[in-house]
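In this note's numbering, the protein residues as written are 246 to 386.
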């Protein structure tokens, strides 16, 4: 096969891939929805398609971050934005650590583990966005 050189054909090919990805995602959601109705939440999350769906969603979100940073008009304060994001993240983690003991089923390990997971899962995209914005700022200078 020859490599496509025409820009119109490349764009059409990308649109076709996007349509195929959308149909595939709808199929996965339909199968997971069927599992949710027939087997319940545990049956749905035990399905290997659940893992594929979650990984695909995370990868798509990270790839979209790169596009959204390129689309931003101007970075007005990288460090200030980072501090605000980290403050909000820490506030959410502290609030969850305070509220979790109010639920009878949670023990002390869960009270420490769940906010820690929130922090790590929130910190990764915050630092990734900061790195993308910093790289874009350095490239414009």
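Just so it is clear, CB atoms sit at the ideal spot from N, CA and C, and this is done for glycine as well.
Alpha helix (DSSP H) segment containing residue 363, residue limits: 353 to 385
Beta-carbon within less than 8 Å of residue 335's beta-carbon, same chain only, minus the 5 sequence neighbours each way: which residues are those? 364
Along the chain, where does the alpha helix (DSSP H) containing residue 252 start, and where does it finish? 252 to 291
Pick from 385, 247, 377, 382: whose alpha carbon is nearest that of residue 313? 377
Would you say the beta carbon of residue 268 comes nearer than 7 Å to a heavy atom of the ligand SAM? The ligand SAM is not among the ligands present in this structure, which contains no ligands whatsoever.
C-beta contact flag for residue 277 and residue 296 at 8 Å: Not a contact, by the Cβ cut-off of 8 Å.
Any idea if residue 374 is buried or exposed, counting beta-carbon neighbours within 10 angstroms, 16 or more meaning buried? The residue in question, residue 374, is buried, as its Cβ has 16 or more Cβ neighbours within 10 Å.
Spatial distance of residue 361 from residue 253 (CA atoms): 47 Å
Are the CB atoms of residue 273 and residue 330 nearer to each other than 8 Å? no
Does the separation of the CB atoms of residue 323 and residue 280 fall below 8 Å? In this structure, residue 280 does not lie closer than 8 Å to residue 323 by Cβ.
Where residue 389 and residue 267 are concerned, what is the direct C-alpha to C-alpha distance, given to the nearest angstrom? Coverage of the chain is limited to positions 246 through 386, which leaves residue 389 absent and any answer about it impossible.
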